[in-house]
Amino acid sequence: MGYFDSFNDFIHMGGHGFYVWLCYAIVFIGMVSQFVLAKLSAKKNIKLLSQYYRRAAARKKSQANNDS
Amino acid sequence: MWNWFFQLASPKWFYTIARKVTPWLSVLMYSLMLAGLVLGLIFSPADYQQGNTVRIMYIHIPAAYMSMMIYVIMAVAGAIGLVWRMKMAHIVSVSCASIGAMFTALALLTGAIWGKPTWGTYWVWDARLTSELILLFLYLGFMALHSAYDDKKAADKASAVLALVGVVNIPIIHFSVEWWNTLHQGATLSKLEKPSMDTSMLWPLLIMIVAFKLYFVVTLFHKIRGEILLREKQASWVKKLVADSKQ
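Pasting the structure below:
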């Protein structure tokens, strides 16, 4: 299939398999980790904010109690 | 006529639109990425001089291209934020930094690994490689400077100025292969000339470049949404969104 005669040929890349696959592995790891972190950031911040609002509300309440 | 510009400046509007278009852009990105990989790794021929190491090109050139494009976007957004004091522009500028830094690191790493079998060395201190390394330091400096301030407004301003000053490095990277003697080859793609490459190699390269651009937009939109929530935490729509998401 394609340019290569066999799957072994494809992995071997005419003796340059190490360089080619190392490059693709590094790019894959970098792009996927960046993507996952970005995707989680909105979710993580929603969680962070819900805690922040709860604490802010609690602070307001205790302050109101102190004043009275 | 300027309505869209002001709408774009509204974090709420941007958040809603980004959320709507991201899934569609993601599907397009995955398909193009898959097509580019299959064409580049399996169907394109080996180079008559370089052999199969030429396949590194399909990720090296897009990564290097993105590293420069993202920097320009980051600097222009920073400038808009400085001049018009637009909140969204600073959010875009700040969200660009880590993606751009990653692409710069990937361009340098894949270039070094490609250099070993073709040039016989991982690294030379020539103009192209050195100016690209400086680009990485500019990105890292931008991120470090921005995180050094407690006050977000001051951080936005300072890092936008740094980004603008660093823009001078972009034409240096681009023309380095013409201005100085270097091991690095000249531009492969040019808008004005006919490509010097066979179509069997040109197609996977062009597809990968578009796929990397889409990847950038999708990742940027995810980052921007996270950043908007944090910065707009006093806005009633964010409070409502957070309250609704808990149920």
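Chains Y and E, in that order, give the protein sequences. According to numbering that gives the first Met the number 0, the first sequence is numbered sequentially starting from 0. According to numbering that gives the first Met the number 0, the second sequence is numbered sequentially starting from 0. A virtual CB, placed ideally from N, CA and C, is assigned to each residue, including glycine.
Residue E/93 holds the alpha-carbon nearest to the alpha-carbon of residue 230 of chain E among E/243, E/93, E/182 and E/33. A straight-line Cα-Cα distance of about 44 Å links residue 178 of chain E and residue 5 of chain Y.
Chain Y has a Cβ within less than 7 Å of the Cβ of residue 42 of chain E. At least 7 Å separates the CB of residue 5 of chain Y from every CB of chain E. The segment 122 to 136 of chain E and the segment 163 to 178 of chain E touch, with no fewer than 3 CB-CB distances between them shorter than 8 Å. Straight across, the Cα-Cα distance linking residue 204 of chain E with residue 187 of chain E is about 10 Å. Cβ-Cβ separation between residue 162 of chain E and residue 73 of chain E: approximately 5 Å, consistent with a contact (criterion under 8 Å). Under DSSP, residue 50 of chain E forms a beta bridge with E/46. Inter-residue distance for residue 81 of chain E and residue 207 of chain E is about 34 Å (C-alpha atoms, whole angstroms). DSSP places residue 230 of chain E in the helix class (H, G or I) of the three-state scheme. Residue contact with chain Y for residue 180 of chain E: absent (no Cβ-Cβ distance below 7 Å to any residue of chain Y). Pairing residue 143 of chain E with residue 1 of chain Y, the inter-Cα distance amounts to about 46 Å.
Contact annotation: residue 138 of chain E and residue 106 of chain E have beta-carbon atoms that are not nearer than 7 Å. For the pair of segments examined, the segment 111 to 122 of chain E was found not to touch the segment 35 to 45 of chain E: the number of CB pairs separated by less than 8 Å stays below three. Secondary structure at residue 196 of chain E: coil, using DSSP grouped into helix, strand and coil. A Cβ-Cβ distance of about 6 Å is found for the pair residue 24 of chain E and residue 213 of chain E, placing them in contact under the 8 Å criterion.
Just measuring C-alpha positions, the residue of Y/52, Y/37 and Y/56 sitting nearest residue 217 of chain E is Y/37.
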